[in-house]
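Asker: Numbering (mature numbering (1 follows the signal peptide of the UniProt record, and there is no 0)), first residue to last: -20 to -1, 1 to 259.
Just so it is clear, CB atoms sit at the ideal spot from N, CA and C, and this is done for glycine as well.
First the structure, which I've put down as structure tokens, then a few questions once you've had a look.
Structure representation (structure tokens):
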């Protein structure tokens, strides 16, 4: 998991050679210690806060789904020009819904940074989205139904959500009654409490969440509906019974998502400060 998050941030501050496509080992000649440097930094933060991996991958998901994987989400807003960072889905604190890594895998590198960051461009799938609408949103980014089930389930296996995001589920007769009673008790607390989306292994990216939603224990409506919809229920069942299959598909889906709308070669720029455009 550390390897994944370390790799994702390399593109933000290292100067690459001009190449037309992403590739493994992109920085081997220009900065051979890049991977170990980033890994050490992320490992340090991971030891202090186990949600850091999920937080970084959640940001990766949100970045790629807006303008493509161009680091536009990192741009700070100014009084003259607001950025994606202040948009509703991105302004929520990291603990709202985290996306985390899964099986260890190498990441293709070489992404350049974009020139745009506009909050009006942010239109991310929300927790109450229907399965049909979610399929459409993912297909618009070149991802298929299996990719969607993999990324939503795998990402939510280590996430948390505030009660305000799933209060509709507390009236749903389809939810496991024991879980529902526990959630109702938790959500009576002040300051919009949060709960783990995976009630069994909340800090482990695994296939357990698929078994839970098959047992009517999904927290978010979209998670539970993946086990009920005709286009996705079969995928959920296969993942729920096969850890290796889930791991394989998760890696494939992460590679595909990481290539959405990337800028390479002479496109885009290489920011001297990840949080600001060069000009």
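Sort 52, 128 and 166 by Cα distance to residue 142 and report the nearest one.
Answerer: Working through the chain shown from its first residue, we reach residue 142 at position 162. Nearest of 52, 128 and 166 to residue 142, Cα basis: 166.
Asker: Does residue 142 come out as helix, strand or coil in the three-state DSSP assignment?
Answerer: Numbered from 1 along the chain shown, position 162 holds the residue referred to as residue 142. Of the three classes helix, strand and coil, the one that applies to residue 142 here is strand, per DSSP.
Asker: Jot down the residue ranges of each uninterrupted alpha helix (DSSP H) in the segment 139 to 201, minimum 4 residues, whole runs only, in chain order.
Answerer: Listed in chain order, the complete alpha helix (DSSP H) runs (minimum 4 residues) inside the segment 139 to 201 are 157 to 167 and 188 to 194.
Asker: Could you please give the first and the last residue of the uninterrupted alpha helix (DSSP H) stretch that includes residue 127?
Answerer: Taking the first residue of the chain shown as position 1, residue 127 is located at position 147. Start and end: 125 to 136.
Asker: According to DSSP, which residues form a beta bridge with residue 243?
Answerer: Here residue 243 corresponds to residue number 263 of the chain shown, with the count starting at 1. In DSSP, residue 243 forms a bridge with 92.
Asker: Could you tell me the alpha carbon to alpha carbon distance between residue 35 and residue 154, rounded to whole angstroms?
Answerer: Within the chain shown, residue 35 is the residue found at index 55, counting from 1. Within the chain shown, residue 154 is the residue found at index 174, counting from 1. Each residue's alpha carbon lies about 30 Å from the other.
Asker: Around the C-beta of residue 113, are 16 or more other C-beta atoms found within 10 angstroms, so that it is buried, or is it exposed?
Answerer: In the chain shown, residue 113 corresponds to position 133, counting from 1. Result: exposed.
Asker: Under a three-way DSSP split, which group does residue 3 fall into?
Answerer: The sequence position of residue 3 within the chain shown is 23, counting from 1. Strand at residue 3.
Asker: How is the alpha helix (DSSP H) around residue 116 delimited, first residue to last?
Answerer: Along the chain shown, one-based indexing puts residue 116 at 136. Note, residue 116: alpha helix (DSSP H), 111 to 119.
Asker: Taking all protein chains shown into account, do 16 or more other C-beta atoms lie within 10 angstroms of the C-beta of residue 24, making it buried, or fewer, making it exposed?
Answerer: Here residue 24 is taken as the residue at index 44 of the chain shown, counted from 1. Flag for residue 24 reads exposed.
Asker: Between the C-alpha atoms of residue 42 and residue 51, what's the straight-line distance to the nearest angstrom?
Answerer: In the chain shown, counting from the first residue as 1, residue 42 sits at position 62. In the chain shown, counting from the first residue as 1, residue 51 sits at position 71. C-alpha separation (whole angstroms): 10 Å.
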